[in-house]
Structures are given as structure tokens and as C-alpha cells.
Amino acid sequence: MTPTAEFRAAGDDGKKYLEGYFIRFNEETELWPGYFETVAPESIDDDIASQDIRALFDHDTAKVLGRTASNTLELRKDEQGVYGKILVNEDDSEALSVYAKVSRGDISSASFGFYIDKDDLNQNNDGSWHDVIRKLTLLEVSIVTWPAYPTTEIDARKRDLSHIEQERFEHNRTQLIKELKDKWQIQS
Numbered sequence: 001m002t003p004t005a006e007f008r009a010a011g012d013d014g015k016k017y018l019e020g021y022f023i024r025f026n027e028e029t030e031l032w033p034g035y036f037e038t039v040a041p042e043s044i045d046d047d048i049a050s051q052d053i054r055a056l057f058d059h060d061t062a063k064v065l066g067r068t069a070s071n072t073l074e075l076r077k078d079e080q081g082v083y084g085k086i087l088v089n090e091d092d093s094e095a096l097s098v099y100a101k102v103s104r105g106d107i108s109s110a111s112f113g114f115y116i117d118k119d120d121l122n123q124n125n126d127g128s129w130h131d132v133i134r135k136l137t138l139l140e141v142s143i144v145t146w147p148a149y150p151t152t153e154i155d156a157r158k159r160d161l162s163h164i165e166q167e168r169f170e171h172n173r174t175q176l177i178k179e180l181k182d183k184w185q186i187q188s
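In C-alpha cells, the structure reads:
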């Protein structure tokens, strides 16, 4: 999950919609002190609209607001990010409640849930980390009350960082050994 931009309620042709950017490209977000993340434009496939993605409220899978497969969620990628438009189900009191809260301005943020498939994680001279997400698997988009990571998820990401460092070390070590063996024609 990553915080994103403002969301708004709209009405077209007598129907209610929730719309806005779920993902903003090239905008650095500080997830916790000293750890920054940026989503690169190439991280999202151009055919995002053809994928089966759900729109949720507060990342809660029990609170589905829309779905691309049922044509109640439209997603499109542009130079700014991933823009979404949710057709509000007027037979769903929970969806109407979210619509009312967005209309009043009580809720105005969006976020998304994903897996990182490819990234560039670098430690800066000041000791901070900067992660550029190059490829991701989008699981869901959400209208959220708080567009920031809860402490438990921050802690999980911090634990993941040491695991990532170890994996990269092992990968680099294996590559170096292979290159040396190839160079000196050593067989295992």
C-alpha cells in the first residue's frame, strides 16, 4: 500500500462516481523516517484496464466498491499515474456512505495494494533508503481515510529491508563466483 492523491465524488448522467488518481508516478513518498519510495511509470502495464482489479474502501476486502471485470471500475494509465473511476452501487449502503464522506470532504485520499516485482533499492550517503518501483503487480486500489502506512505494516516493511539486503548480497556473491569461474575456467 502506498499513499496517493486526492479523490472526489462526481455525478454524471444521473449516476454517482468516485474518481481520482490511485497512483501518482515519480512522486517520492516517505514511508517512514529514512525510507523513501517512488513509483516509476514503467511499473504499471499499459493494459491496466484489461486486468481484474478491485476497488476497496480502506484496503478492506469485505468492502468492495467496484471491479474492472464487472465494469464498475475504470482504470487508465497516463503520464501522471493511474486514474480510476468507480461507479457507485446505489443499492449498497456502504458504498453510498463512502460516496457521502468523499462528497463532504471527510475522505479525500486514495491508495493501492501491490507486490513489488522489480525495484531499485539504494542507500544514500546520509543513510536513508530510496526505493524506485520499476515493476509491480497491482492487487487493488482503495479510497482511504488515512493515506499512510499503519505502524504494523511499516514494521513489516522494515523487516523486509534486511531480508532484501541479504538476498542482494547472496545474488551478487553468486554472480561474482560464476564470473570468476568463467574467467578462470574453473569447474565446480
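Counted from 1, the sequence shown has number 149 at position 149 by the UniProt record's numbering; the numbering is strictly sequential. Where a beta carbon is used, it is the ideal one built from N, C-alpha and C, also for glycine.
Simplified DSSP state of residue i, which is helix, strand or coil
{"i": "Asn-172", "result": "helix"}
{"i": "Ile-48", "result": "helix"}
{"i": "Ser-93", "result": "helix"}
{"i": "Thr-152", "result": "The pLDDT assigned to Thr-152 is 25, lower than 50, so where the model puts this residue is not dependable; a value taken from the coordinates is nonetheless given after this. Correct three-state label for Thr-152: helix."}
{"i": "Lys-158", "result": "Residue confidence is low: Lys-158 scores 40 on pLDDT, short of 50, so the model does not pin down where it sits. Its coordinate-derived value is still stated next. If DSSP states are grouped into helix, strand and coil, Lys-158 belongs with the helices."}
Beta-bridge partners of residue i, as assigned by DSSP
{"i": "Val-64", "result": "Leu-56"}
{"i": "Ile-186", "result": "In DSSP, Ile-186 forms no bridge with anything."}
{"i": "Thr-137", "result": "Tyr-115"}
{"i": "residue 190", "result": "Since the first and last residues shown for the chain are 1 and 188, residue 190 lies out of range."}
{"i": "Leu-180", "result": "In the DSSP output, where bridge partners are listed per residue, Leu-180 has none listed."}
{"i": "Gly-81", "result": "Arg-24"}
{"i": "Ile-143", "result": "Phe-57, Ala-110"}
{"i": "Asn-124", "result": "Answer by DSSP bridge pairing: none, since Asn-124 is not bridged."}
{"i": "Asp-131", "result": "Glu-37, Leu-121"}
Original post:
Can you list, in chain order, the stretches of the beta strand (DSSP E) that have 3 or more residues and sit fully within the segment 15-45?
Top reply: 15-24, 29-32, 35-39
**OP:** Tell me, please, whether the segment 88-99 touches the segment 28-41 by the rule of three or more beta-carbon pairs shorter than 8 Å.
**Re:** no
Subject >> Contact between the segment 13-22 and the segment 78-94 (3+ Cβ pairs under 8 Å) >> reply: yes
Subject >> Cβ contact (3+ pairs, closer than 8 Å) linking the segment 101-108 and the segment 39-56 >> reply: no
**OP:** Decide yes or no for the touch test of the segment 45-56 against the segment 117-132: beta carbon pairs closer than 8 Å, at least 3 of them.
**Re:** no
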